[in-house]
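For the sequence shown, counting from 1, position 152 maps to 151 in numbering that gives the first Met the number 0; every step adds exactly one. Cβ atoms here follow ideal geometry from the backbone N, Cα and C, with glycine treated the same way. Predicted, not measured: the structure shown is a model, and the values here were computed from it.
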Amino acid sequence: MTTQTLSTPEVYQGQFGEFTINQSDRNGVIIYRVGLMIAALSFAIGSALVLFNNNASILTPLYACFSLALGVSLWTIHIYMAPLHRLLQIFWAIGSITSLILALSNSEPLAITVYNQPLTLFGVGFTFVALTGIYFKEAFCFNRLETKVLTLTVPLLLLGHLIGILPTAGEQTLLGIWAILFVVFAVRKAIQAIPPDIGDKSVFAYLKQQSSAKA
Numbered sequence: 000m001t002t003q004t005l006s007t008p009e010v011y012q013g014q015f016g017e018f019t020i021n022q023s024d025r026n027g028v029i030i031y032r033v034g035l036m037i038a039a040l041s042f043a044i045g046s047a048l049v050l051f052n053n054n055a056s057i058l059t060p061l062y063a064c065f066s067l068a069l070g071v072s073l074w075t076i077h078i079y080m081a082p083l084h085r086l087l088q089i090f091w092a093i094g095s096i097t098s099l100i101l102a103l104s105n106s107e108p109l110a111i112t113v114y115n116q117p118l119t120l121f122g123v124g125f126t127f128v129a130l131t132g133i134y135f136k137e138a139f140c141f142n143r144l145e146t147k148v149l150t151l152t153v154p155l156l157l158l159g160h161l162i163g164i165l166p167t168a169g170e171q172t173l174l175g176i177w178a179i180l181f182v183v184f185a186v187r188k189a190i191q192a193i194p195p196d197i198g199d200k201s202v203f204a205y206l207k208q209q210s211s212a213k214a
């Protein structure tokens, strides 16, 4: 990006007026995408270990990396509906706190605890509800095939395991699909133009103004 571009930012026409995109906006999108990439790679590596290596020794650190990166993405994602944004962050916090408690109170890796005790998904599962929220948002805003599939795959796998209706082979297949498509999603986000991820800033300004007026 040239100095001229930075000094004279492009003016966009939004639903409620004109707006510009500054470097802070761009940095937020970059951080969002980096968080997604780290989360996707951590999840994919962990899934590969589960499916092919059965090495559970580093699953908990990988999950911690995944969860922290997801939290960063949830902090920087652009969602017009502020209550929905906060709700996804609360879901992530509930899942993270539950995961931390389980990890500290059990000698076995967190993934093994959750797999052997499906009821723990009532706590840990909130993290994946938040992640599914991101998939849904991306599917709705950008019509991405992989996020449409992920929006269905994640709850199908987790609810199927919770209820106990999926065979092991079915769970493994869904986990593999999830891991692969998550990486595909993160890679496609990395090469996507930045402005669409920022969205219509005039909408954010309008909603903030309406909220202030009500207060």
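Would you mind stating whether residue 173 and residue 132 have Cβ atoms separated by less than 8 angstroms? Locating residue 173 in the sequence shown gives position 174, where the first residue counts as 1. Locating residue 132 in the sequence shown gives position 133, where the first residue counts as 1. No. Outside cutoff.
Which partner residues of residue 19 appear in the DSSP bridge assignment? Position 20 of the sequence shown, counting from 1, holds the residue named residue 19. According to DSSP, residue 19 bridges with 10.
Rank 28, 24, 44 by C-alpha distance to the C-alpha of residue 182 and give the top, closest one. Reading the sequence shown from its first residue, position 183 is the one you call residue 182. When only C-alpha atoms are compared, the closest one is 44.
DSSP on residue 0, reduced to helix/strand/coil? Taking the sequence shown and counting its residues from 1, the one referred to as residue 0 is at position 1. Its pLDDT being 41, under 50, residue 0 is placed unreliably in this model, and the value from its coordinates should be taken loosely. Coil, per DSSP.
On the CB-based measure, 16 or more other CB atoms within 10 Å of its CB, does residue 72 come out buried or exposed? Here residue 72 is taken as the residue at index 73 of the sequence shown, counted from 1. By the neighbour-count rule (16 or more Cβ atoms within 10 Å), residue 72 is buried.
Less than 8 angstroms separating the beta-carbons of residue 160 and residue 170? As a working note, residue 160 is residue 161 in the sequence shown. As a working note, residue 170 is residue 171 in the sequence shown. Result yes, Cβ atoms of residue 160 and residue 170 sit closer than 8 angstroms.
Around the C-beta of residue 36, are 16 or more other C-beta atoms found within 10 angstroms, so that it is buried, or is it exposed? What you label residue 36 is simply residue 37 of the sequence shown in a count that begins at 1. Buried.
Output the distance between the C-alpha atoms of residue 142 and residue 106, rounded to the nearest integer angstrom. For the purposes of this step, residue 142 is taken as residue 143 along the sequence shown, with counting starting at 1. For the purposes of this step, residue 106 is taken as residue 107 along the sequence shown, with counting starting at 1. Using only the alpha carbons, I get a separation of about 43 angstroms.
Once DSSP output is grouped into helix, strand and coil, what is the label at residue 55? Here the question's residue 55 lines up with position 56 in the sequence shown. Coil, per DSSP.
Determine the closest residue to residue 51 out of 189, 168, 34, 101, with distance taken between C-alpha atoms. Position 52 of the sequence shown holds residue 51. Of 189, 168, 34, 101, the residue nearest in Cα terms is 168.
Assuming residue 175 is part of the alpha helix (DSSP H), what are its boundary residues? Translated into positions along the sequence shown, residue 175 becomes position 176. 167-189 is the extent of the alpha helix (DSSP H) around residue 175.
For residue 160, which three-state DSSP category applies? The residue given as residue 160 occupies position 161 in the sequence shown. Residue 160 falls in the helix class under three-state DSSP.
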